[in-house]
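>
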Amino acid sequence: MRPGLLPLEDGGYTPPGVDDFKFGAAFAGFPDWINKPFLQAVIGALLVILLWWWASRRLKTKPGKGQFLAEYVYEFVRNGIARDILHHDFRRFLPYLVGLFSFILVNNWFGELFLFMYPTFSNVGYAYGLAILSWLIYVGAGFKKFGFGFLRRSLIPEGVPPYLLPLIIPLEFLATFITRPVTLALRLFANLFAGHLVVVVFVVGGGYLLTVQDNLFYNVAGGVSLLFSIIILFLELFIGALQAYIFTVLTAQYVSTSISEAH
């Protein structure tokens, strides 16, 4: 916690803010970009790799609890996202979608683990990085299937009168190549940032009212605030899973529009 979040000597209080989401170098002498969010992203990636490697070993006809959970997540992404949206092309993109969902979920839930207490994607740079990766996937899929004809299919919808093309082409370019990755990143970032900031406000404010203020009313309000922060933590678990699902669904949808025959 920053020193600025602690009660001041005169009894004052500095509320949490944007600065609490900024981190310096994790180790002395290292660059600033090797910080807590970076380490969490690396740990999250390693966890996803290890967990799926462990889940795929020694598969049994009668699965245990671990295998059952892994199969449930896999089938959820396979049947509920990939196959429903991509249809017969889903197998090519299924590994990426499973990895994407798992990676986002793990990093979102870091915000509720006391060892970390910070969702990685509340740092907008990591949200943009993941959105750019999905952008490369669906744009690359379109170019692989249609070559440079993908540009024409993306920028000129069927049935548009020629006199509207000067207006339609820039709008379609923005929608396909600019707006999609930006909205993907900002949707993920904004939800994780706002949710975690609310938790921090209730925890820090509740702790201050409970331990510093010598007033029964303030003490009770502080206890209620801390209790409410626990409820929000559980809500954030759901929001973290929901945002992982939405990001994965939209990625699959964008891939589908890139490779579909009719546009």
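Residues in the sequence shown are numbered consecutively from 1, following full-length UniProt numbering.
Each residue gets a CB set at the ideal place from its N, CA and C atoms; glycine is no exception.
For the alpha helix (DSSP H) containing I104, name the first residue and the last one.
F90 to W109
> Apply the 10 Å Cβ neighbour rule to S134 and answer buried if 16 or more other Cβ atoms are within range, or exposed otherwise.
buried
> By the DSSP assignment, the alpha helix (DSSP H) with P166 in it spans what residues?
L165 to F173
> Where V98 and R83 are concerned, what is the direct C-alpha to C-alpha distance, given to the nearest angstrom?
12 Å
> Excluding the 5 residues flanking K36 on each side, which residues of the same chain have their C-beta closer than 7 Å to its C-beta?
F23, A26 and Y118
> Using beta-carbon positions only, say whether A252 and I85 come within less than 8 Å of one another.
yes
> Assess contact between the region 196 to 210 and the region 123 to 140, defined as three or more Cβ pairs (one per stretch) separated by less than 8 Å. Is contact present?
no
> According to the Cβ coordinates, are A141 and S260 closer than 8 Å?
no
> For T176, report the span of its alpha helix (DSSP H) as first-last.
First-last for T176: undefined, no H or E at that position.
> Between which two residues does the alpha helix (DSSP H) carrying N219 extend?
L216 to I259 is the extent of the alpha helix (DSSP H) around N219.
> Rounding to the nearest angstrom, what Cα-Cα distance links T183 and F173 in this structure?
Rounded to whole angstroms, T183 to F173 spans 15 Å at the Cα level.
> Hey, how far is the Cα of A221 from the Cα of Y72?
42 Å
> Does V160 pass the burial test, meaning 16 or more other C-beta atoms within 10 Å, or should it be called exposed?
Counting Cβ neighbours within 10 Å, V160 comes out exposed, since fewer than 16 surround it.
> Count the other CB atoms within 10 Å of the CB of L59; is the residue buried (16 or more) or exposed (fewer)?
exposed
> Give me, in chain order, the residues of the same chain whose beta-carbon lies closer than 7 Å to that of N191; leave out the 5 immediate sequence neighbours on both sides.
I239 and Q243
> Buried or exposed: I81, going by 16 or more other Cβ atoms within 10 Å of its Cβ?
buried
> With distances taken Cα to Cα, identify the nearest neighbour of L136 among N107, A127, F177 and A55.
F177
> If we ignore side chains and look at the alpha-carbon of each, how far apart do F217 and L209 end up?
9 Å
> Measure the alpha-carbon distance for F247 versus F193 and round it to whole angstroms.
16 Å
> Is the CB-CB distance between R78 and L94 below 8 Å?
yes
> In whole angstroms, what is the alpha-carbon distance linking P166 and L155?
Their Cα atoms are separated by approximately 11 Å.
> In three-state DSSP terms, what is N79?
The three-state reading of DSSP puts N79 in helix, counting H, G and I together.
> Assign E112 to one of three DSSP states: helix, strand, or coil.
helix
> Relative to the alpha-carbon of A185, which residue among P162, A127 and T179 has its alpha-carbon at the smallest distance?
A127
> With DSSP as the reference, label I132 as helix, strand or coil.
helix
> Apart from the five residues just before and just after N107, which ones in its own chain have a Cβ nearer than 7 Å to its Cβ?
Q40, A41, G44, P119, T120 and F121
> For R187 versus Y254, is the C-beta spacing smaller than 8 Å?
no
> To the nearest angstrom, how far is the alpha carbon of T211 from that of I231?
21 Å
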